[in-house]
Amino acid sequence: MKTIRIFLVDDHKMIRDGVKFYLDEDERFEIVGEANNGQEALSMINKDSNFDVLVTDIVMPSMDGIELVKNLTQGGTVEFKILALTMLSETQHIKKILNYGIQGYILKSSGEEEIKRAITEVAEGNTYYSQEVTTIIMNNLRGSKSRGSRLAMDIPLTNREREVLHLIVKEYSNQEIADELFISVRTVDAHKRNLLEKTGAKNMAGLAIYALEKRLFDDV
């Protein structure tokens, strides 16, 4: 199994030490870099981005996590995956950073196993959002009176695309979708690319938001 190389950003050394304590004795993970804030992280990453997952806090001095992710992704897709690990569960912060294409968002109250699972999922190209974050997004969307966003447009999806989208919303991994629909993982990736293009979503979270706003499925 390939070791997942992690770059950790948090202005509290105690938090960084806590995450490292969880991961150091697990051979699946390796902390290869760490920074105190977004500005320091950006400088270091611009020099060397040889890692698999960036785990970053949101509220930090000098440059917060949202600005860090914005600076890293504004030039296009980065090679590594991004996971937010933060105390913040406010809807506006969640939506803002999701717009920059991160793959996961979990709270610092998450346990050791959830943190490991989140890192593993995003490293494998999947998305991961803690239950608290998923609930916040869904409650916000269901309570929204505005349906005029670009994600509310009528865009025709094929039956297969709807099946794939349904499983994405149910948080199935690529392999689980492939197994459920008896197709290859490569075909799943192709359907996901088509869904992103048709809906205008930037990532899997955007697809989930699209499905919820359009109320495509009764069981989510």
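According to the UniProt record's numbering, the stretch in the sequence shown is residues 1 to 220, in order.
Here a beta-carbon is modelled for each residue, glycine too, at the ideal position from N, C-alpha and C.
The structure presented is a predicted model; accordingly, all values stated were derived computationally and were not measured.
For residue 264, the first and last residue of its enclosing alpha helix (DSSP H)
Limits of the chain in this structure are 1 at one end and 220 at the other, which puts residue 264 out of reach.
Roughly how many angstroms lie between the CA atoms of residue 83 and residue 32, to the nearest whole one?
Taking the straight line joining both Cα atoms gives about 16 Å.
Residues near residue 118 by beta carbon distance below 7 Å, same chain, minus five either side
Only 83, 104, 106, 128 meet the Cβ criterion.
In its own chain, which residues sit with a C-beta less than 6 Å from the C-beta of residue 202, not counting the 5 before and 5 after it?
Excluding the 5 residues flanking it on each side, residue 202 has same chain C-beta neighbours closer than 6 Å at 101, in chain order.
Within the same chain, show all residues whose beta-carbon is closer than 8 Å to that of residue 4, passing over the 5 residues directly before and after it, in chain order.
In the same chain as residue 4, and ignoring 5 residues on each side of it, the C-beta atoms closer than 8 Å to its own belong to 28, 29, 30, 52, 53, 119, 120, 123, in chain order.
For residue 12, count neighbouring C-beta atoms within 10 Å of its own C-beta (all shown protein chains included) and say buried if the count is 16 or more, exposed if not.
The residue is exposed, with fewer than 16 neighbouring Cβ atoms inside 10 Å.
Boundaries of the alpha helix (DSSP H) in which residue 211 is found, first to last residue:
Secondary structure note for residue 211: its alpha helix (DSSP H) is the uninterrupted segment 204-214.
Let's see if you can read the secondary structure: which residues bound the alpha helix (DSSP H) around residue 45?
Looking at the DSSP string, the run of the alpha helix (DSSP H) that includes residue 45 is 38-47.
Give me the residue from 7, 186, 22, 216 with the minimum Cα distance to residue 48.
Among 7, 186, 22, 216, the Cα nearest to that of residue 48 belongs to 7.
Assign residue 151 to one of two classes, buried (16 or more other C-beta atoms within 10 Å of its C-beta) or exposed (fewer than that).
Because residue 151 sits at a pLDDT of 38, beneath the cut-off of 50, its placement in the model cannot be relied upon, and the point is left open.
Starting from residue 237, follow the beta strand (DSSP E) in both directions and report where the run begins and ends.
Past the edges of the chain, shown from 1 to 220, lies residue 237, and the structure says nothing about it.
Below 7 Å CB to CB, which residues in the same chain sit around residue 112 once its five sequence neighbours on both sides are set aside?
Cβ contact annotation for residue 112 (same chain, cutoff 7 Å, sequence separation greater than five): 22, in chain order.
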